[in-house]
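Protein chains in written order, with my numbering: chain A, 1 to 341; chain B, 1 to 341. Glycine included, each C-beta is placed from N, C-alpha and C at the ideal position. What follows is a short report on a single structure.
There are 2 protein chains.
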Amino acid sequence: MGKKATILDVAKEAGVSVATVSRVVNKQGGVKQETEARILAAIEKLDYVRNAIARSMVRKETKTIGVIIPDMTNPFFSKVISGIEQAALNDHYFTIISNSHESEAREEEILDHYLQRGVDGLVITTANETGHQLDAFMKSNIPVVAVDRQLKQYEVDTVLSGNREGSFEAVQHLIQEGFRRIAIIRGPQHTTPGLERFKGYLKALQMHGIHMEEELIVDGDFMEESGYQCIQRLYHMDHPPDAVFSSNNLMSIGAVKAMKDLNWEIGFEVGFSGFDDIEIATFMEPNLTMVSRNMEGLGEVAFKYLQRRMREPDPSRPKREYIMAPSLIVRESGRRLRRHV
Amino acid sequence: MGKKATILDVAKEAGVSVATVSRVVNKQGGVKQETEARILAAIEKLDYVRNAIARSMVRKETKTIGVIIPDMTNPFFSKVISGIEQAALNDHYFTIISNSHESEAREEEILDHYLQRGVDGLVITTANETGHQLDAFMKSNIPVVAVDRQLKQYEVDTVLSGNREGSFEAVQHLIQEGFRRIAIIRGPQHTTPGLERFKGYLKALQMHGIHMEEELIVDGDFMEESGYQCIQRLYHMDHPPDAVFSSNNLMSIGAVKAMKDLNWEIGFEVGFSGFDDIEIATFMEPNLTMVSRNMEGLGEVAFKYLQRRMREPDPSRPKREYIMAPSLIVRESGRRLRRHV
DNA sequence: CGTTAAAATCTAAACGTTTACATTGAAGAG
DNA sequence: CTCTTCAATGTAAACGTTTAGATTTTAACG
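Here it is in structure tokens:
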């Protein structure tokens, strides 16, 4: 196993200059058939493969985009990433992915790495929407798009889902089915999804003339365990709610687990709906009414936005905001069920 | 926004040579306190950030590893990747991830990209265990480790789970609970997990003197839909099985869905167990007995193996094989339940 | 055959680092 | 005062491409 063949080796082998080889490798045309054939043969013979690093060096582009999300183990993010990666690869871009674990420090570390590495673009679901962690990044004029959360300090394209609309529908559905004392398990209020979904909840109550009760609002952190805890809390209240809306997938899982453990029967004793569909939704008895969204689609749009910025860099072009409408999948958990005795 | 500052700009600003700057940036020592301070100041002033591309160019390493898996939307893989990424980032390596969608063509495309990009190592769950898709890759002496599937044509480190042991235990458990006509939904037999899990099934039958029935062996492709179809087929047989073992997570989901649709009551009419735990396992009534494994751990080990090869390249060092033992989580679906009438 | 235009090819600089080796200056030894 | 040593720093080549501009070849035409 000798050294790797370079473009110079190929040039020598084919008896031409490196420029000519470069032209055929890049399919730029302007090379005689015969010469091209000779070069192709040399490439084949020497197992030449073009060094993308050297190429990036002179072209000043890496054909790589960075993606930072809190946790790719969350099905929502893994699907979003999958959408991004798919769209990117079709456009011959690579995707570097890192988990921030919701840690701002980790996020900055990753950003610094990305900066050194020189990604052509960045997709981020930030751990902190109001922070300044992107200062250095912005200075270098690398396009950024925010997904699912906003970047309040910066003017960047953003791809969101209709958080407010989604939770509004889910809660309204509970109301229409006759539930009145509806609790919400909120997500962190300093995040867009957390806050907006709460607003949707409020709006639904208001539109139907239902008085909001402070004690029916409990706070989780978008993780499973907190969903579990919140249900425990609600169940043991003096006047438990007659329905619960959960603000995200992981908390819904925890919530449902708790209800099962408490034998708090969904549909019969308590109504339920939640944001983001989960695998278990269709398996439960009764099955669960959920807000569903096209996660892969979200990722695709994010890449499309990024792509545009990468192709036509123009910092003065105003930022765009894309909001993808979610849909409510009505199943049974939002209905008032009565047991046939 | 002017051009980015280079090491030369910093050198000029600080009134030293690029070599000295390089030395402080790389913390190599041998630089006078005072000089270092001046250089640090210049770096600060110019917002200098070292260009990793140029660095890679001369160091001939990219500090990047490539990961190819069939589908990161599958919770198993997303967890494995998460483990890899975590371990890699701790060691200051980046992780490039691509989905092959079980397509060999896609896989080769990705490999080619990785080759050009020059990853320092590769972790792969290959779409085709007997193919020659890595020929080009191997020529360049880049370390490779296979995860969850083997690379039959190549001598590479491999990280697997105890597929045979896992399914053996799961099936044995069914037997011990009194089931006799146990069907298996197999995965593709040209993959290690597919084949080995089948072998575990056979071994369990054999050890307990149970005669294997051809018709109880049905083939899926590790995807949800095939699990659904297989159950349909089994249910409508003249003599349906009294228990079913499913070879992977996605097929288990499909299987359970089908059983629900058919009203084929798990635990009462039919026993069930499956390889890889799934979220819904604990929510079902009865809940499901499953083989569970430490997926993040699998990823971590994969990186460790890769790391060793990257650090101490020695093609003659024999390949290693790590097999992580799974554990059976006994719940109710593997028991014979009787309804209290 | 000479001229010209177009096509094909070549030359060499540039990209931003790292690093082997060279140089400088100062301290210490004799 | 000269020689040696060592620490600090500098010089320049190398990494493997791309590409603008220069040069050569070919084809076309009269």
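Buried versus exposed call for residue i [16 or more other C-beta atoms within 10 Å across all chains shown]
i        : result
Leu8/A   : exposed
Arg338/A : exposed
His236/B : exposed
Arg331/B : buried
Met1/B   : Low per-residue confidence applies at Met1/B: pLDDT is 48, beneath 50, and the placement is therefore not dependable enough to give any value.
His211/B : exposed
Asp135/A : exposed
Lys3/A   : exposed
Met207/B : exposed
Gln150/B : buried
Gly15/B  : exposed
Lys63/A  : buried
Gln28/A  : exposed
Thr158/A : buried
Gln189/B : exposed
Asn344/A : Nothing can be reported for residue 344/A: it is not among the residues displayed for chain A, which extend from 1 to 341.
Gly118/B : buried
Beta-carbon gap between residue i and residue j smaller than 8 Å
i        : j        : result
Asp120/B : Lys139/A : no
Asn353/A : Pro193/A : A question about residue 353/A goes unanswered here, because the residues of chain A that appear run from 1 up to 341.
Val31/A  : Arg23/A  : yes
Asn287/A : Ser327/A : no
Ala87/B  : Glu300/B : yes
Ser167/B : Gly200/B : yes
Met295/B : Val49/B  : no
Ala170/A : Ser273/A : yes
Thr289/B : Ile329/B : yes
Val18/A  : Ile39/A  : no
Glu165/A : Gly271/A : no
Ala187/A : Gly227/A : It should be pointed out that residue 187/A corresponds to Gly in this sequence rather than to Ala. The answer is no: Cβ separation not under 8 Å.
Asp242/B : Arg181/B : yes
Lys45/A  : Glu13/A  : yes
Phe268/A : Ser246/A : no
Met284/B : Phe283/A : yes
Terminal residues of the beta strand (DSSP E) in which residue i lies
i        : result
Asn99/A  : 94-99
Val291/A : 289-292
Gly299/A : No beta strand (DSSP E) holds Gly299/A; the alpha helix (DSSP H) holding it covers 295-311.
Leu160/B : 157-161
Ile68/A  : 64-69
Val123/B : 121-124
Ser327/A : 327-329
Glu321/B : 321-324
Top-ranked residue by Cα proximity to residue i, from the options
i        : options                                : result
Asn74/A  : Ala258/A, Ser252/A, Met310/A, Val256/A : Ser252/A
Asn141/A : Asp314/A, Arg38/A, Ala255/A            : Asp314/A
Ile68/A  : Ile124/A, Gln86/A, Glu104/A            : Ile124/A
Pro70/B  : Ser82/A, Arg59/A, Glu61/A, Lys63/A     : Ser82/A
Phe94/A  : Ser98/B, His92/B, Phe245/B             : Ser98/B
His101/B : Gly297/B, Met72/B, Leu115/B, Glu214/B  : Met72/B
Arg293/A : Lys45/A, Glu224/A, Ile278/A, Tyr305/A  : Ile278/A
Ile110/B : His190/B, Ile65/B, Gln229/B            : Ile65/B
Glu225/A : Arg311/A, Phe77/A, Ala258/A, Asn26/A   : Ala258/A
Leu89/A  : Met310/A, Arg320/A, Glu312/A, Phe303/A : Phe303/A
Val218/B : Arg59/B, Lys203/B, Ala255/B            : Ala255/B
Extent of the continuous alpha helix (DSSP H) to which residue i belongs
i        : result
Arg186/B : Here Arg186/B belongs to no alpha helix (DSSP H); instead the beta strand (DSSP E) covers 182-186.
Ile43/A  : 33-46
Met57/B  : 52-59
Asn74/B  : Unbroken run through Asn74/B: none, as it is neither H nor E.
Arg117/B : 104-117
Asp314/A : Note, Asp314/A: premise wrong, no alpha helix (DSSP H); not H, not E.
Glu13/A  : 7-14
Arg335/B : Here Arg335/B belongs to no alpha helix (DSSP H), and DSSP marks it neither H nor E.
Thr191/A : Unbroken run through Thr191/A: none, as it is neither H nor E.
Ser17/A  : It is not in any alpha helix (DSSP H) - Ser17/A carries neither H nor E in the DSSP assignment.
ask   = Can you give, in chain order, each stretch of the alpha helix (DSSP H) that sits fully within the segment 128-153 of chain A and has at least 4 residues?
value = The qualifying runs are 135-139.
Segments of 3+ residues assigned as beta strand (DSSP E) that fall wholly inside the segment 206-252 of chain B = 217-219, 243-246
inquiry  = Please give the ranges of any beta strand (DSSP E) in the segment 250-282 of chain B, keeping only runs that are unbroken, at least 3 residues long and fully inside the region.
reply    = 271-275
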